[in-house]
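Sequential numbering from 336 applies to the sequence shown in the working numbering.
Glycine residues also receive a C-beta, built at the ideal position from the N, C-alpha and C atoms.
The model shown is predicted, which means the values in this text are computed figures rather than measured ones.
So the structure is just underneath, and the comments pick up after that.
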Amino acid sequence: MRQVFVGRKEELAALARARERAGSGRPQRVLVEGPAGSGKTALVRHFLEDVPRVLYAEGEDGATAFPYGVLEQLIGSGPGSGPWADPRAGGIALLETLQKMPELQEPDGTCQFGTCRFGTGRDGTCRDRTCGDSVALVVDDAQWADTASLGALGFAARRLSVLGVPRVMVVVVVRDIADPRVPEGQRRLFGGGAAVRIRLGGLAPAELRTLGEALGPGPLTARAAARLYEHTGGNPSYVRELLEREGDGLGEVLEHTDATPPAPRSCAFSVRSRLLSCSPDTEALLAAASVLGRCCPLAEAALLAGLADPLPALEQAVRAGLLTERPDDSVVRFPDPVVHAAVYHALGPARRRALHRGAAALAGDEETALHHRARAAAGPAPGLSAELAACGRRSVAGRAWHKAERQLSAAARLAPGRAAYEQYTLESIECRLLAGDVPDAAEVAAQVGEFAASGWRSYLLGRLGEDDPDRAESLLRDAWRRCDPVADRVLAARIAGRFAALRGGAASDTEAANWAGLALRLAPHAPAVDTVRHLALGGTATSGRAGQTARALAALDRLPDPAVASPAQLQDLMGRGTLRMVTGDLTGAVRDLTGVLAAGRTHTAPFRMTAAGALAAAEYRAGHWDAALGHCEPALALTDDGGQSYAALYCRMLATLTHSARGSFADAREQLRRMTGGTGTGVSVGMGSSVWTALAEAHLARALGRPEDVVAALEPLLPPDADGEGSQADPADPLCHLDALDPLGHRDEPGAVPWPDLLADAWTELGEHRRAARVLGRYEALALRRDRAGALMRAARSRGTLAAAVGDTAVAEKAFRTALWHARRTQEPFGRAQVHLAYGQFLRRTAKRARAGEQLREARGLLVRLRARPDLERCERELAVGGPVVGGPVVGGSAAGGASVGGASVGGSGAPDSGVDGPGVPGQARLRADASSLTAQERMVAGRVAAGLTNRQVARELVISVKTVEFHLGRIYAKLGVPSRTRLAALLASQEVALPGQD
């Protein structure tokens, strides 16, 4: 078997750190444990390749009866070798062997490590690369090592420093340190807190793809790698066996979700040997259970096997390790997928098909019967294929995407001809898209591209190619030309829905609303277009149609609670949440969208992504920045491997804005890099990707204090002649282009993500006052016409900054007072803070120090709670110039190094921190500054647990599973060093950084 090593970066890093500590004179004890085949030996041997001196021994199954066998492997057969009277004598002999090793003897020359027996070169460094390094002492398969050797090893390991051999790392490799064959003293020594403990699990799907490329006949698809991980648990030994034995056939089997992949040969041999020792009844029960699946009711397996009393057979199967059962549970289970596969594939093809036919006859529902009939079929079956396709389409109507995909895939496998095969395959691929189960869109697009031209083919290629909006639009237009909207209204609605998403992603809101309306007229209840109501309402809100937003909100006033809403009502609730956000009702928007996200679990992946993105946008504007980042994460998790959907780009834009405002510039740049593929914007303005990328670039440039980069990012987004260059319109009339441009849904609509004020501020700073005035005039007119308080606040603040720059202090004073008035109408703490900061700067420069101090302190309070480091630093500088800072909390952490400015420590780790929308807001806990390693979701969980919520209540509030809450809570305990919920609550109550979730 060819040796290939992949993955294990964290484990190798842990071993390297232990080696470094041992090299500095602190002996290390390292435990590497994991199940058979998990790659423990491969990991240790790969690490040892770079270690100059190693003493290595390994236990052997059946050799535990030979005392000191392992110790003799370590010491060798020279002087001092056994036999030894007892483990103590053996340990002394091992220590003496270490003391005699040249690498561990006291040196006599001088080098960078102290003194060195090899002397030094001209530069004063050691001539021998091993100086200051450690010696590795390794015992592999310690569960099979003899007790005497392990006792001697423990004696020596405890005395390394005392006896002058500190530069040693002792590595014990074992399947499970709790194995009773490992003596109690060694379990304490290597399993205790002072030891480095490395537990190996399986390789991740991405690492399995790397292994497949190295060992298999061809690369695994992302989908096949995910199924291989599910089948084997990522066990490297199992994966190697399957890749080298099955060849191309493995990838084909893994692509079919209704097929059972083969078992690794070693597991198959083990299972078959155990089957041979079973009674006929036990073997019959196991065969029947394997056909029914990885788990099944015992009564069903007994009925299929023809057993009146299955309990004796079950007892034998459990003793053989082939089935598991629980005392009060009627379901029997195979211990893992490979054991199930070994039993299933041990059946001959004739018996396997006969059992499937029997299972179909016994099935109590149509879906189960169809599944077994399909598994029993030996070739094309036109009638059965049509039945499966019809059942799959009913599952689509019921939003059971995974079930529908399996049924349609089975229909394609049994289809009588190429045309039917391609149609059913296309429909099954759409189910995968709707379920968010397309880990590599390019691979699927390549498969679809080989099919005959059709409306379905072009429609799916357009969906799969959203990272190239121009090509996606071209493909959707081709799909529309090939589709008959009268004969196939549902496909036409699907295409119209994608056009709506495409235009909405490009911020062409009127076109998005028009396409969404068409989709609703064609197929209002089609599950595959469950975002079009939101797109229609969102397009209405931001397209500038006078009065429509208010009328739409009024019409949606009496919607039910999301928990009891119908699918159509849930879409309307998401639309209402978006309308409320655009009109400034952020509290109502967050309430609506939180409920929608919680209730939308069975909806399509695009619906869930859109809901998460809309909620994150409302939370960003409301100052709940940790929550916004937390809700961006699941949306991005659904799309990271499948291409740049507009929902993903939008969420990355929001994450960039938040990290930029926090001063977490490395995180902001990483999000921006992933938006652009590392190449910059690089796309035309008409594409949605450039809209969100431009906004992300501009907000990052603003936080960094680079006005020229703000202009470079935002100037291309302006409507034609909006900055006055080449325009024939009257510049004194800011509404001259308004009616003509509104139908195009341009991107400066108030209520959407703000940016015209950023561009005006940048032009002001660069001395381009005329351009700043022009863009502000249009923005002010639009904001006034829509009565958007947030936009009016930002526009007035920017107007005040411009007036101050040109020396018109009267206009500046009036503008800033207007901004303050609008700020009182908003629920946007960051926007309010920027008004107070800009006004305070103006007042200080006009020698009104007392009033300036009031404004700056107001800004400072908001910015501290938001952890908005760049603006906070500017505010601190203004306060430092204008007079002493009056008290205030400390902002901890360090982003870009951090700084201490004006009496406050300002920084951040790049990790997201909490944000609130004003002083005295309920729902806050306190978190120590050194806990900045908590992720956004961990902070949300910690706050709610500290508030007294149960895990189930936290899961319900955050729209995650209870197991996910338990996972986060375990990491929180480890990071904060607390053992319980009570101690966590006490810690949070006593610390200094705001954390959302606790009253």
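(message) My output table needs one value for Ala351: the three-state DSSP class, helix, strand or coil.
(response) In this structure, DSSP gives Ala351 a helical state, which the three-state scheme calls helix.
(message) Taking the beta carbon of Arg936 as the centre, do at least 16 other beta carbons fall within 10 Å, making it buried, or is it exposed?
(response) It counts as exposed.
(request) Determine the direct distance from the alpha carbon of Leu350 to that of Arg452, and round the result to whole angstroms. (result) Its pLDDT being 42, under 50, Arg452 is placed unreliably in this model, and the value from its coordinates should be taken loosely. Cα to Cα, the separation comes out at about 27 Å.
(request) Can you check DSSP and say which residues form a bridge with Ala281? (result) Residue 281 falls outside the range modelled here, since the chain spans only 336 to 1334, and no answer is possible.
(request) Starting from Cys613, trace the beta strand (DSSP E) both ways and give me its first and last residue. (result) That residue, Cys613, is in no beta strand (DSSP E); it is neither H nor E in DSSP.
(message) Please report the straight-line C-alpha distance between Leu1284 and Ala962, rounded to a whole angstrom.
(response) Across the structure, Leu1284 and Ala962 are spaced so that their CA atoms are roughly 17 Å apart.
(message) Three or more C-beta pairs under 8 Å: does that hold for the region 522-530 against the region 557-573?
(response) The region 522-530, when compared against the region 557-573, does not touch it at the 8 Å Cβ threshold.
(message) Between which residues of its own chain and Thr1014 is the CB-CB distance below 6 Å, once the five residues before and five after are set aside?
(response) Residue placement at Thr1014 cannot be trusted, given a pLDDT of 43 that sits under 50; what the coordinates show is reported in the next sentence. Cβ neighbours of Thr1014 within its own chain (closer than 6 Å, five residues either side excluded): none.
(request) Ignore the nearest five residues each way along the sequence and tell me which others in Ala1187's own chain have a CB closer than 6 Å to its CB. (result) Only Gly1175, Leu1178, Arg1179 and Gly1217 meet the Cβ criterion.
(request) Count the other CB atoms, across all protein chains shown, that sit within 10 Å of the CB of Ser1315; report buried if there are 16 or more and exposed otherwise. (result) By the 10 Å Cβ count, Ser1315 comes out exposed.
(message) Just to confirm before moving on: does the CB-CB distance between Ala711 and Arg748 stay below 8 Å?
(response) No, Cβ-Cβ distance for Ala711 and Arg748 is not below 8 Å.
(request) Mind checking which residues open and close the alpha helix (DSSP H) that includes Pro540? (result) The continuous alpha helix (DSSP H) containing Pro540 extends over residues Pro540 to Leu550.
(request) Report all residues from its chain with a CB closer than 6 Å to the CB of Asp819; omit the five preceding and five following residues, and keep chain order. (result) Excluding positions up to five away in sequence, the list is empty.
(message) the ligand SAH and Glu431: does any heavy atom of the ligand fall closer than 7 Å to the residue's C-beta?
(response) Among the ligands in the structure shown, none appear at all, so the ligand SAH cannot be discussed.
(request) Mind checking which residues open and close the beta strand (DSSP E) that includes Val1146? (result) Where Val1146 is concerned, there is no enclosing beta strand (DSSP E), although the alpha helix (DSSP H) it sits in stretches over Thr1144 to Ala1158.
(message) Can you give me the C-alpha to C-alpha distance between Ser625 and Leu811, rounded to a whole angstrom?
(response) Between Ser625 and Leu811, the C-alpha separation is close to 45 Å.
(request) Give the single residue among Thr399, Leu472 and Met436 whose Cα lies nearest to the Cα of Val389. (result) In terms of Cα proximity to Val389, the closest of Thr399, Leu472 and Met436 is Leu472.
(request) Following the continuous beta strand (DSSP E) through Pro632, name the residue where it begins and the one where it ends. (result) Pro632 -> beta strand (DSSP E) spans Cys630 to Pro632.
(message) Taking the alpha helix (DSSP H) that Glu702 belongs to, which residues open and close that run?
(response) Residue range Glu701 to Ala711 is occupied by the alpha helix (DSSP H) that includes Glu702.
(request) Taking all protein chains shown into account, decide if Gly714 is buried (16 or more other Cβ within 10 angstroms of its Cβ) or exposed. (result) When all chains shown are included, Gly714 counts as exposed.
(message) Quick check on Thr1317: buried or exposed, where buried means 16 or more other Cβ atoms within 10 Å of its Cβ?
(response) Sixteen is the threshold: since fewer than 16 other Cβ atoms of the shown chains lie within 10 Å of the Cβ of Thr1317, the residue is exposed.
(message) Runs of 3 residues minimum, wholly inside the region 610-684: which ones carry the beta strand (DSSP E) assignment?
(response) Correct list: 630-632 and 666-668.
(message) If you measure between the beta carbons of Gly839 and Leu870, is that distance less than 8 Å?
(response) In this structure, Gly839 places its C-beta atom within 8 Å of the C-beta atom of Leu870.
(request) Take Ala357 and list the residues in its own chain whose beta-carbon comes closer than 7 Å to its own, dropping the five residues that flank it on each side. (result) Sequence-distant Cβ neighbours of Ala357 in its own chain, meaning closer than 7 Å and more than five residues away, are Gln363, Ser469, Arg502, Val503 and Met504.
(message) Closest to Trp736 by C-alpha separation, out of Ala648, His1034, Ala887 and Pro862, would be which residue?
(response) Per the Cα distances, Pro862.
(request) Just tell me which of Arg544, Ala420, Lys738 and Glu1148 has its CA closest to the CA of Thr1181. (result) Ranking Arg544, Ala420, Lys738 and Glu1148 by Cα distance to Thr1181 puts Glu1148 first.
(request) Can you tell me which of the three DSSP states Ile1295 falls into? (result) Reduced to three states, the DSSP call for Ile1295 is coil.
(request) Less than 8 Å between the CB atoms is what I'm expecting for Ala970 and Leu1007, so what's the real figure, rounded? (result) About 17 Å separates the two Cβ atoms, so there is no contact after all.
(request) Step through the CB atoms of chain B and report whether any lies within less than 8 Å of the CB of Leu550. (result) No chain B appears in this structure, which consists of one protein chain only.
(request) Express the C-alpha separation of Ala1309 and Val517 in angstroms, rounding to a whole number. (result) Here the C-alpha atom of Val517 lies approximately 27 Å from the C-alpha atom of Ala1309.
(message) Quick check on DSSP: helix, strand or coil for Arg534?
(response) Three-state result, Arg534: strand.
(request) Using a threshold of 8 Å, state whether the C-beta atoms of Ala285 and Ala1131 are closer than that. (result) In this structure the chain extends from 336 to 1334, so residue 285 is not present and cannot be described.
(request) Compare the Cα-Cα distances from Gly1142 to each of Thr1099, Ala1116, Arg1129 and Ser720 and report the closest residue. (result) From the listed residues Thr1099, Ala1116, Arg1129 and Ser720, the smallest Cα separation to Gly1142 is found for Thr1099.
(request) To the nearest angstrom, report how far apart Asp823 and Arg829 are at their CA atoms. (result) Rounded to the nearest whole angstrom, the C-alpha separation of Asp823 and Arg829 is 10 Å.
(request) Please name the residue in Ala788, His381, Ala529 and Leu485 whose C-alpha comes closest to that of Gly404. (result) Leu485 is the residue among Ala788, His381, Ala529 and Leu485 whose C-alpha sits nearest the C-alpha of Gly404.
(message) By the three-class DSSP mapping on this structure, what secondary structure does Arg523 have?
(response) Helix, per DSSP.
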